[in-house]
Structure formats: structure tokens, C-alpha cells
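J.: 200 is the number of the first residue of the sequence shown in this note's numbering; add one for each residue after it. Beta carbons are placed, not taken as given, at the ideal position from N, Cα and C, and that holds for glycine. Just so we're clear, the structure is a prediction, and the values are computed from it rather than from any experiment. My questions will all concern the structure given below.
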Amino acid sequence: MITTATRYFRAMMLVACCLMAPVTWAMEVSYTLAVVRPTTGLIDVTVEIRNASGASLDIAMPAWTPGGYGLMWWVKNVQQLHAEDGAGRVLAARQVDTSQWRISPLAPVVKVRYKLYVPKRLMDDIHVKLMGPSTFMYVVGESPYPAAGPVTLHIEAPEGWVIATGLERLKPGVYTAPDNDTFIDAPIEIADHFDRMTFKDHGANYEIFIRNAHNYDRDNFSNTIKHIVSELAEMMGGAPYDRYVFLMTGQNRRGGGLEHLNSTNISFKRYDSSASSDYRRLIYVIAHEVFHAWNVKRIRPAILGPFDYSRPQHTRNLYISEGMTSYYGMLTLARQGIWTREVFYEELSKEIKSLQTSPGRLITSAEDASWNAWITPGNKAHTFIDFYTKGNLLGLLLDMEIRERTNNRKNLDDVFRRLLAEYGLPKPGFPEDGLQSAVEAVTAEGKGDSEYTQFFADYIAGEVELDYDGALKQVGLKLEITKGDPEPSLGLETEVEGGVPVVSAIDFDGAAYNAGIMLRDMLLTVDGERVVEQTFASRLKSMQIGDTVDVMVMRDDRILTIPLILDTHRPATYKIIEDPQAFPGATAVGNAWLKPYAPPFE
200 MITTATRYFR AMMLVACCLM APVTWAMEVS YTLAVVRPTT GLIDVTVEIR NASGASLDIA
260 MPAWTPGGYG LMWWVKNVQQ LHAEDGAGRV LAARQVDTSQ WRISPLAPVV KVRYKLYVPK
320 RLMDDIHVKL MGPSTFMYVV GESPYPAAGP VTLHIEAPEG WVIATGLERL KPGVYTAPDN
380 DTFIDAPIEI ADHFDRMTFK DHGANYEIFI RNAHNYDRDN FSNTIKHIVS ELAEMMGGAP
440 YDRYVFLMTG QNRRGGGLEH LNSTNISFKR YDSSASSDYR RLIYVIAHEV FHAWNVKRIR
500 PAILGPFDYS RPQHTRNLYI SEGMTSYYGM LTLARQGIWT REVFYEELSK EIKSLQTSPG
560 RLITSAEDAS WNAWITPGNK AHTFIDFYTK GNLLGLLLDM EIRERTNNRK NLDDVFRRLL
620 AEYGLPKPGF PEDGLQSAVE AVTAEGKGDS EYTQFFADYI AGEVELDYDG ALKQVGLKLE
680 ITKGDPEPSL GLETEVEGGV PVVSAIDFDG AAYNAGIMLR DMLLTVDGER VVEQTFASRL
740 KSMQIGDTVD VMVMRDDRIL TIPLILDTHR PATYKIIEDP QAFPGATAVG NAWLKPYAPP
800 FE
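Next comes the structure, spelled out in C-alpha cells:
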């Protein structure tokens with residue numbers, strides 16, 4: 200029998216045990232970023248750690264940036280690192296690896312301070328642009344991953360400057376993120392002025408911050424972007440964020456972009472015409488980066504999040520994460536009518552030409568190109584393929600394959616929606632064979648032949664030439680390849696260095712290859728006349744195929760004269776056109792392929 204007295208005694212014992220148990224507090228990490236004198240090229244960063252456990256803690260600088268796939272060793276910009284406790288007493292800070300320091304002894308409050316060098320192109324007297332991985336060191340948790348828990352950031356900027364970032368704002372100058380990966384993902388731009396535009400779509404708030412003057416029609420530009428995000432959100436079942444920020448920098452040349460969870464960082468040619476090829480490319484870059492909010496930031500290979508920032512993170516699936524993002528960037532613009540069908544076909548044709556004129560396509564697979572993204576091949580001219588380009592075209596082929604097998608009941612859109620449902624953040628990323636599994640499941644749902652082993656073995660793991668016509672015929676199109684007139688050729692390409700052409704690529708089994716000319720040879724004369732970049736192409740056309748010419752090169756410190764038999768070059772044009780003999784129903788499939796999900800752009 201349990202009496203009231205017994206219950207009282209047990210309750211008191213429980214209280215006593217709780218009072219005697221040591222109280223543990225979760226570790227807190229906060230950063231202070233101080234832009235005091237931007238013209239010095241230095242900013243001050245303080246990392247404050249409270250309630251850390253153990254005898255010491257490690258703090259590290261990322262070696263790479265997600266989306267970059269190359270070791271950058273951002274520690275190269277860190278200087279004057281030191282540590283202290285909450286009372287200002289010096290703590291030992293010992294470098295234990297290339298990018299990692301150990302702080303000891305541990306104190307209830309640890310402050311790590313360092314100065315960060317920021318190149319002039321990223322910081323001057325009117326702005327600073329910062330990427331998380333190249334700016335913020337992280338507390339090492341369960342090695343090699345950053346410590347868990349929320350992060351707070353305090354920004355001290357020059358008076359009157361505006362802060363633009365995708366981070367959640369708590370109050371002016373103070374921001375937060377739920378974890379280190381989210382924190383480090385968000386770029387930050389601080390400037391004396393931005394051209395700011397806003398709109399809402401699918402329940403999300405969008406902000407466009409443009410730094411530097413430009414001649415773009417603000418309403419048309421903002422409306423174009425709105426149609427891009429609306430199309431993709433409708434296709435993918437809604438926006439995966441509450442707020443999205445475009446950080447855009449106008450410059451005097453074309454630029455590029457980098458994806459983030461709820462923002463993108465894009466540079467572009469600021470004085471331009473909406474009819475120009477550079478503007479066409481800018482709109483494509485925007486669509487590409489927006490789709491990245493799903494593909495790679497939420498749908499990602501398992502190794503790409505949570506992130507190990509200390510070493511290369513190899514996956515065979517970058518052709519999906521980057522290349523198929525390119526496919527949907529283009530497809531989105533075509534579906535919305537931002538690009539005409541003719542422009543879309545033209546851009547796809549350029550992608551085909553790019554791959555088909557790359558010798559590496561015959562010896563390097565899409566998977567191998569993805570895995571080796573972290574290195575530059577020594578024999579790049581003969582072995583390299585761009586996984587962006589091949590992945591784009593694999594997206595086209597796979598989309599058409601699914602449509603054919605399921606009688607257009609299913610397509611690649613369904614595959615990405617399935618991947619999002621099964622593996623989307625915060626769930627673990629998809630396994631290395633995750634795409635094939637998703638494709639087979641979607642095709643089975645569409646009552647089609649769901650065996651894709653041969654397709655993936657040939658086109659993705661292998662180097663079999665892509666069957667463009669087999670894919671394009673599904674939507675009433677075909678690839679027209681037109682060979683130009685035969686022209687004499689040296690069988691090489693050059694890049695001008697110091698005013699002298701230097702051999703940068705050699706055609707396999709071509710004239711230069713068989714003559715013994717080597718990469719990095721300096722091309723001096725052909726038949727006694729100096730090679731001048733501006734006139735040599737015209738001069739070469741006046742020669743005859745099969746003629747033997749004397750090519751003088753400098754190889755290291757030696758001058759060599761090499762006899763070379765001029766080869767045949769027939770420049771080819773690649774053009775996707777409507778097939779007048781398309782099979783019945785192909786036009787309907789093509790219309791379904793390019794049908795918009797959201798109201799089209801006008």
C-alpha cells in the first residue's frame with residue numbers, strides 16, 4: 200500500500216536529487232562582425248562561445264564553399280587570431296591543423312578574435328560583400344562537423360550603410376540562424392545604397408537588392424523574376440522559404456551566381472539591353488539559381504549537408520545538382536515565355552555543340568566528372584567535360600525517356616517532386632543511386648517500363664554518345680548538324696600570353712598532334728611569317744589542305760622548327776528544329792513539355 204506519507208517522502212527525495220544534480224547549459228555561439236575602416240582591407244570578427252564543455256575547444260575556418268567544389272583554404276585570409284576569457288585574460292590559441300586552432304584552458308566565456316582580409320573587389324569605401332565560409336570560423340563539434348545549436352550575429356557597419364542578407368533579423372544589426380550550416384550559407388552585403396525592389400509570390404516575400412547604377416527597367420526586371428519564381432514554386436508544390444533575397448551587383452562585364460537556401464548572389468552587366476545575349480544569360484542565371492533553392496540546397500546528395508567544411512566532399516551526382524538545374528533554368532524560361540521556343544532550342548543547341556566538340560566526352564563519364572570536380576585534369580583539353588553541360592543534356596534525355604515510357608503520364612518534374620518528398624531538407628540527402636531509384640519509381644507509377652539500369656550505365660556511368668534525335672523526336676523536334684566547307688587546320692588552339700600565342704589545346708590525332716607539337720609551346724612563325732592572332736585565321740584559310748608547313752615554336756628555352764601537314768577542319772553548326780516528319784502525337788507531347796505551371800509572362 201502506498202500512503203500519502205510515502206508519496207510525500209518520494210517527492211521530497213526527487214526534489215533533493217534534482218537540486219544536487221549539476222546544471223548543464225547549452226553552448227551558445229555568437230559572432231560580432233565589425234566593419235570599421237573598410238579601405239584598409241580588414242574587418243574584425245569576434246566569436247563568443249558560452250557554456251562549452253571539456254578541457255579545450257577547437258575552432259576552424261572552412262576550406263571550401265558549398266556550391267564551389269574546390270579547395271580555397273579560406274584560412275589564408277585570417278590574421279592576428281587570439282583568444283581570451285570573459286574577463287579579458289589571454290587563453291592559449293594553438294594552430295593544430297591547416298585551418299584549425301585549439302583554445303585552452305576552457306572558460307565559461309571564450310572570445311576568439313581575428314582580423315579578416317577582404318580583397319578590394321569585395322570591399323571598398325562604399326560596400327563590403329561577404330560569403331559565410333570565407334568569413335566565419337566555426338566551433339568544431341562532433342569532428343569534423345560544426346557544433347550544433349543556434350547562432351547569433353551582430354553587425355557593426357558604418358553609419359548610414361544598409362545591410363542586405365537572407366538571415367533572419369531579430370532587431371537592427373542583429374541576426375540569427377538555427378544552426379551553423381544555415382548561418383554560414385547566407386551571404387551578406389553591406390553598402391551605402393541599394394536599388395531595392397520587392398514582391399510577394401506563393402506566400403513568400405522577395406527582395407531584390409541591386410548595388411551600383413544600372414539601366415534596367417525596374418518594373419520589367421522585377422516582373423520577370425516574379426514569373427520565374429512563381430513557375431518553379433508552382434511546379435515544386437510551393438516555396439520552401441518564407442523570404443528570399445536577391446543580392447545583385449552591377450558591373451561592366453557579365454558575371455555569374457551562387458546559390459543559397461533563401462538567397463542568391465549574382466553579378467551582372469549593369470548597362471545592357473534586354474535584347475542582348477548578356478541579358479539573356481543573366482535571366483537564365485537567375486532561373487538557375489532560384490531552382491537551386493530546391494535542387495542542391497534541399498534535394499541534395501547525402502554528403503552535401505550536414506557539411507564537412509574541412510576537406511573535399513565527393514559525389515558522383517553533381518551532374519544532377521548542377522547540370523539538371525541548368526536544364527530547369529532553361530526549361531522554366533521557355534515555359535513562361537520569357538524565352539521564345541526558338542531561343543530555347545538555340546540555347547539547347549549550343550549545349551549540344553559544347554559537349555560534342557569536347558574530346559573528353561568519349562573517355563569521361565558524367566559521374567566521373569562530378570566526382571573529380573575538385574581537381575583540374577592535367578590533360579584537360581583531352582579529358583575534361585563540363586558536368587553542367589552534360590547534366591543539362593542528360594536532364595533532357597531522361598525527361599524524354601520517362602515521357603516515352605509512360606505515354607507522357609509522367610516526366611522529370613515528377614522525379615524532382617518525389618526526391619523532395621523523400622529526401623528534402625531537413626531529411627538526410629539522397630544516396631548515390633537515388634536518382635535512378637526515383638526515376639524507376641515514377642515510371643512504374645506511370646505504368647511504364649521501369650528498368651533503367653542500361654540507360655544509367657550507358658549515359659551516366661558510361662561514355663556512350665547521347666541519343667539526341669531519339670529524345671527530341673518525342674516532342675516533334677530533331678537535331679540538324681550542318682558541316683561547313685573544308686578548311687585547312689593546324690589541329691590546335693591557342694591563348695595569347697604576353698602578346699604571344701601559346702598552344703592551349705591539341706586535337707587528338709590531328710595535325711599538331713601527329714607533328715609533335717606540345718601543349719604550352721609558344722607559336723612563333725608558320726612558313727617564316729610571325730603568327731599574329733588578329734590575322735592568322737585569315738592567312739590559314741589561304742593555305743591548302745595537305746600542304747606541309749614549317750611551324751617554329753619555342754619550347755622552354757629551345758627554338759624548334761617542326762614540319763606539319765595541314766589537316767582538314769569542317770566547322771559544324773548544331774540546330775534543333777521542328778521535324779516535319781514528326782510522328783502523330785509528338786506535337787502534343789511537346790506542348791505538354793513546355794506548358795507553364797503558372798500564368799505565363801507577358
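How far does the alpha helix (DSSP H) with H326 in it reach, from first residue to last?
T.: Here H326 belongs to no alpha helix (DSSP H); instead the beta strand (DSSP E) covers H326 to L329.
J.: Please classify S520 as buried or exposed, where buried requires at least 16 other C-beta atoms within 10 Å of its C-beta.
T.: Classification of S520: buried, given that the 10 Å Cβ count is 16 or more.
J.: Which same chain residues, not among the five before or five after M396, have their C-beta less than 7 Å away from its C-beta?
T.: For M396, where only same-chain residues beyond five positions count, the Cβ hits under 7 Å are I407, R417 and S421.
J.: Measure the Cβ-Cβ separation of S333 and S509 and say whether it is below 9 Å.
T.: No, Cβ-Cβ distance for S333 and S509 is not below 9 Å.
J.: Three or more C-beta pairs closer than 8 Å, one from the segment 248-265 and one from the segment 331-350: is that the case here?
T.: Result yes; three or more Cβ-Cβ pairs closer than 8 Å.
J.: Checking the sheet assignment: what are the DSSP bridge partners for D766?
T.: DSSP lists S688 as partners of D766.
J.: In terms of residue numbering, what span does the beta strand (DSSP E) encompassing W570 cover?
T.: W570 -> not in any beta strand (DSSP E); alpha helix (DSSP H) instead, spanning A565 to W570.
J.: Is the CB-CB distance between L532 and I465 below 9 Å?
T.: No, they are not a contact pair.
J.: First and last residue of the beta strand (DSSP E) that includes G449?
T.: Its beta strand (DSSP E) spans residues R442 to Q450.
J.: Could you check whether D778 and L618 sit closer than 9 Å to each other, using their CB atoms as the reference points?
T.: The answer is no: Cβ separation not under 9 Å.
J.: At the level of alpha carbons, what is the spacing between T693 and I584?
T.: Looking at the two C-alpha atoms, the distance is approximately 19 Å.
J.: What are the partner residues of I485, as DSSP defines its beta bridges?
T.: Answer is none; I485 lacks a bridge partner.
J.: Taking contact to mean 3 or more Cβ pairs, one atom from each stretch, closer than 8 Å, check whether the segment 444-459 and the segment 575-583 are in contact.
T.: These segments do not touch.
J.: Report the partner residues of S473 according to the DSSP bridge assignment.
T.: BP columns for S473 are empty, so no partner.
J.: Anyone know if the C-beta pair for H459 and A385 falls short of 9 Å?
T.: Cβ atoms of H459 and A385: closer than 9 Å.
J.: Go ahead and pull the three-state DSSP assignment for W300.
T.: Looking at W300 - three-state DSSP - the assignment turns out to be strand.
J.: How would you call S569, buried or exposed, if buried means at least 16 neighbouring beta carbons within 10 angstroms?
T.: By the neighbour-count rule (16 or more Cβ atoms within 10 Å), S569 is buried.
J.: What is the residue span of the alpha helix (DSSP H) that R236 lies within?
T.: No alpha helix (DSSP H) holds R236; DSSP gives it neither H nor E.
J.: Does DSSP put T609 in a helix, a strand or coil?
T.: The identity of residue 609 in the sequence shown is Lys, whereas the question assumes Thr. K609 falls in the coil class under three-state DSSP.
J.: Spatial neighbours of D726 within its chain, please: C-beta separation below 8 Å, excluding the five flanking residues on both sides.
T.: Cβ within range, chain order: V748 and D749.
J.: Can you tell me whether E732 is buried or exposed, with buried defined as 16 or more other CB within 10 angstroms of its CB?
T.: Label assigned to E732: exposed.
J.: I'd like to check one pair, I601 with N610: are the Cβ atoms closer than 9 Å?
T.: It is a contact, given that the beta carbons lie within the stated cut-off.
J.: Secondary structure at N494, three-state DSSP: helix, strand or coil?
T.: Here N494 sits in strand by DSSP.
J.: Can you tell me whether V172 is helix, strand or coil according to DSSP?
T.: With the chain represented from 200 up to 801, any question about residue 172 goes unanswered, as that position is not in the structure.
J.: If I measure Cβ to Cβ from F782 and keep anything under 6 Å in the same chain, skipping five residues before and after, which residues do I get?
T.: Contacts found: none.
J.: Return the CA-CA distance between A306 and Y268, expressed in angstroms with no decimal places.
T.: Each residue's alpha carbon lies about 36 Å from the other.
J.: Pull up the distance between the alpha-carbon of Q743 and that of A711, whole angstroms please.
T.: The straight-line gap from Cα to Cα measures roughly 16 Å.
J.: Buried or exposed: which applies to F707, given that a residue is buried once 16 or more other Cβ atoms fall within 10 Å of its Cβ?
T.: Under this definition F707 is an exposed residue.
J.: Identify the residues that DSSP records as bridge partners of M721: which are they?
T.: Answer is V701 and M753.
J.: With DSSP run on the structure shown, which of helix, strand or coil describes M435?
T.: Correct three-state label for M435: helix.
J.: For I407, write down the residues that DSSP places opposite it in a beta bridge.
T.: The partner list for I407 (beta bridge, DSSP) reads M396 and F445.
J.: Looking at C-alpha atoms only, which residue of G661, H353, G697 and K677 is the closest neighbour of R515?
T.: Among G661, H353, G697 and K677, the Cα nearest to that of R515 belongs to G661.
J.: Check this for me: beta carbons of V444 and A363, under 9 Å apart or not?
T.: Yes; because the gap between Cβ atoms is below 9 Å, this pair is in contact.
J.: Checking the sheet assignment: what are the DSSP bridge partners for P386?
T.: P386 is not bridged to any residue.
J.: Whole-angstrom Cβ separation of T524 and H487, contact assumed at under 8 Å?
T.: With 8 Å as the limit, T524 and H487 qualify as a contact, their Cβ atoms being about 6 Å apart.
J.: Tell me, please, which residues DSSP counts as bridged to F629.
T.: F629 pairs with P500.
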